[in-house]
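The next block holds one structure in the form of structure tokens; read it before the comments.
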Amino acid sequence: MRYQYVCLVCAMTFLSADAAEPPRASLQWRNEVIRTAREIWGLNAPVADFAGQLHQESGWAPDALSPAGAQGMAQFMPATAKWVSQLYPALRKNKPFNPAWAIRALVQYDHQLWNGLVAKDNCQRMAFTLSAYNGGQGWVNRDKKLAAAKGLNASIWFEHVERVNAGRSAANWRENRHYPKAILYQHAPRYL
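As numbered in mature numbering (1 follows the signal peptide of the UniProt record, and there is no 0), residues -19 to -1, 1 to 173 make up the sequence shown, in order.
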């Protein structure tokens, strides 16, 4: 019930005339995100979610470099960028600081994560996908298992799996729980 209330409040926020506008930096990459998302996910691709994710990751800065070493607009760690570049021929050049590469890598990796996850509905599934992008699919799987063991619904992210921690540090767990919410509730609505 609480999740439905949160979705209703978010939907009203999304439709609000006061909703924040996309940042100027995003405008030059708008068509690239739309084209890439639809190519990989189909015509109903969740484009606003990807735009919100890029917003969260780097604020659309192609040269972003985190203190932890994550690189480019999609903030891939070097090992993950190398792994993704080996999986997908279109990404074989491994250029995380190239915006087109970063956009394609983020969208492609999200698609792979999405396809490996089961959830009650697409909203829950996207929350799981974003959590996996941020913290790893292995942690999502462990969290789902722990949630089920505690009598929670392992196919629902909000108010169920999001409440458990299968062993991450407290700081990493808090960051991971904030990540899907920031994208879905705060950033993605700017791009609708």
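Where is the CB? At the ideal position from N, CA and C, for every residue including glycine.
| Asked | Found |
| --- | --- |
| Bridge partner(s) assigned by DSSP for Q89 | Per DSSP, none; premise fails for Q89. |
| Neighbourhood of W138 by C-beta distance below 6 Å, restricted to the same chain and skipping five residues each side | Q105, A108, F109 |
| Cβ-based burial, V88 [other Cβ within 10 Å; buried from 16] | buried |
| Contacts around F31, its chain only, beta-carbon distance under 6 Å, and the 5 residues preceding and following it disregarded | V14, A18, V88 |
| Paired residues, beta bridge with L46 - DSSP | Q52 |
| Assumed close pair A128, A29 - CB separation to whole angstroms, cut-off 8 Å | That pair is no contact at about 27 Å. |
| Residues near A51 by beta carbon distance below 7 Å, same chain, minus five either side | F57, M58 |
| Member of K63, A45, I21, A147 whose CA lies at the smallest distance from the CA of G119 | A147 |
| Supposed close pair R171, E2 - CB separation, criterion 8 Å | 6 Å |
| Per DSSP, cross-strand counterpart(s) of F31 | DSSP output for F31 lists no bridge partner at all. |
| Chain-order list of residues whose beta-carbon lies under 7 Å from that of A45 (same chain, five-residue window excluded) | S39, G53, M54, Q56 |
| Identified DSSP bridge partners for F57 | Q52 |
| First and last residue of the uninterrupted alpha helix (DSSP H) at H159 | 151 to 162 |
| Alpha helix (DSSP H) segment containing Y114, residue limits | 103 to 116 |
| A81, DSSP secondary structure in three states | helix |
| Pair within 8 Å by beta-carbon distance, R149 and G97 | no |
| Cutoff 8 Å; reference A135; Cβ partners in own chain excluding five residues on either side | K125, K126, A128, A129, H141, V142 |
| Rounded C-alpha distance that separates A62 from A83 | 9 Å |
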